[in-house]
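> Every letter in the sequence shown is one number past the one before it in numbering that gives the first Met the number 0, and letter 72, counting from 1, is 71.
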Amino acid sequence: MPAAKGSPLESLENKNLHRILKKLLQQASFGQRGDAPLQLLDIACGECREAETLVQVARELRGENQRQPIRFVGTDLRDREVEDAARRFRSNADTTYDFITENAEHLDRHQELGKDFDLAFIRHQNFWLGATPWKRIFEQGLEKLSDDGLLVITSYFDREHELALGAIAEAGGELIVTERHQESIHLAYPGKSVDRHVAVFRKKS
Ligand SMILES: C[S@@+](CC[C@H](N)C(=O)[O-])C[C@H]1O[C@@H](n2cnc3c(N)ncnc32)[C@H](O)[C@@H]1O
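1) Considering only C-alpha positions, which residue in the set E182, R195, I175 is nearest to L24?
2) What residues in its chain sit with their C-beta under 7 Å from that of A2, if we drop five residues either side in the sequence?
3) In the DSSP assignment, find the alpha helix (DSSP H) that holds R58 and state where it starts and stops.
4) Whole angstroms is fine: what's the gap from K4's alpha carbon to R86's?
5) Could you name each continuous beta strand (DSSP E) segment of 3 residues or more that falls completely within the region 61–123, going from the start of the chain to the end?
6) Quick one: residues in its chain with C-beta nearer than 8 Å to the C-beta of L76, no 5 flanking neighbours on either side, listed in chain order?
7) Within a Cβ cutoff of 6 Å, which residues of the same chain sit near S183, ignoring the five residues on either side of it in sequence?
8) Tell me the rounded alpha-carbon separation between L53 and H17.
9) Thinking W133 and A166 are a contact (beta carbons under 8 Å), I'd like their distance in whole angstroms, please.
10) So which of G140, P189, S154 has the shortest CA-CA distance to K114?
11) Exposed or buried, T74, counting other C-beta atoms within 10 Å across all chains shown (16 or more means buried)?
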């Protein structure tokens, strides 16, 4: 069960995510792109509990160019979750939010999204539910990146993470860093914890 939405536990999970993500993205030189908007794609985002955290990390890393606007796109298979996210996150002067209901195996149907994202993020990837579809989702994430864009995944389980790392390498990703998240909060299932592993990839050149 995920933490209740808006609960102190959820906010602790996001605080922990913020800390590790900022550290790893900094190591990977995220967001060094002059004046162009910073573009974030959250794939299989569900209710997109992580949207605010991702935007906040991007804001903190956009460096000297504090006026660089942020474009956030969240997408998931499930209508109800996507609608819920769209209700909670509204565009403002700094950040535009768009939410799309789609099977992420077919993100290439959405040419309007472009292929210039600085970050494609998949929190709690579900590789164990189907190797073939998830490999395809990883390919689609890499496809949407700019040349120096980054694909980041987080995983609930050790073995599932290991398998996903292999699948992303096969899909054309080059691993920059992977870290076992020491502050990861344990869940009521053996070996499962929130953002237990976080890995950052670039596209193989
Ligand atoms: C473990 S949940 C993670 C949700 C969210 N990222 C989080 O960490 O709270 C996995 C998500 O993947 C979505 N999903 C599974 N297969 C998908 C697909 N083919 N296309 C898009 N979303 C998919 C599910 O609907 C679900 O929201």
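Cβ coordinates follow ideal geometry from the N, Cα and C atoms, glycine included.
A quick look at the data gives this:
1) Mapped onto the sequence shown, residue 24 falls at position 25. Comparing Cα positions, the closest option is I175.
2) Locating residue 2 in the sequence shown gives position 3, where the first residue counts as 1. Apart from the 5 residues on each side of it in sequence, A2 sits with its Cβ closer than 7 Å to the Cβ of L8, E9, E12 in its chain, given in chain order.
3) One-based indexing of the sequence shown puts residue 58 at position 59. Element bounds for R58: 50–60.
4) As a position in the sequence shown, residue 4 is number 5, starting the count at 1. As a position in the sequence shown, residue 86 is number 87, starting the count at 1. Their Cα atoms are separated by approximately 14 Å.
5) Runs of the beta strand (DSSP E) lying entirely within the region 61–123, each at least 3 residues long, are 69–75, 94–100, 116–121 in chain order.
6) Working through the sequence shown from its first residue, we reach residue 76 at position 77. Excluding residues within five positions, the ones whose Cβ falls inside 8 Å are A43, T100, E101, N102, A103.
7) In the sequence shown, counting from the first residue as 1, residue 183 sits at position 184. Counting only Cβ-Cβ distances below 6 Å, and skipping sequence neighbours, we find S192, V193, D194, R195.
8) Within the sequence shown, residue 53 is the residue found at index 54, counting from 1. Within the sequence shown, residue 17 is the residue found at index 18, counting from 1. Looking at the two C-alpha atoms, the distance is approximately 7 Å.
9) Locating residue 133 in the sequence shown gives position 134, counting from the first residue. Locating residue 166 in the sequence shown gives position 167, counting from the first residue. Correct: roughly 7 Å between the Cβ atoms.
10) Counting from 1 along the sequence shown, the entry for residue 114 is found at position 115. Comparing Cα-Cα distances from K114 to each of G140, P189, S154, the minimum goes to G140.
11) The residue labelled residue 74 in the question sits at position 75 within the sequence shown. With 16 or more Cβ atoms within 10 Å of its Cβ, T74 is classed as buried.
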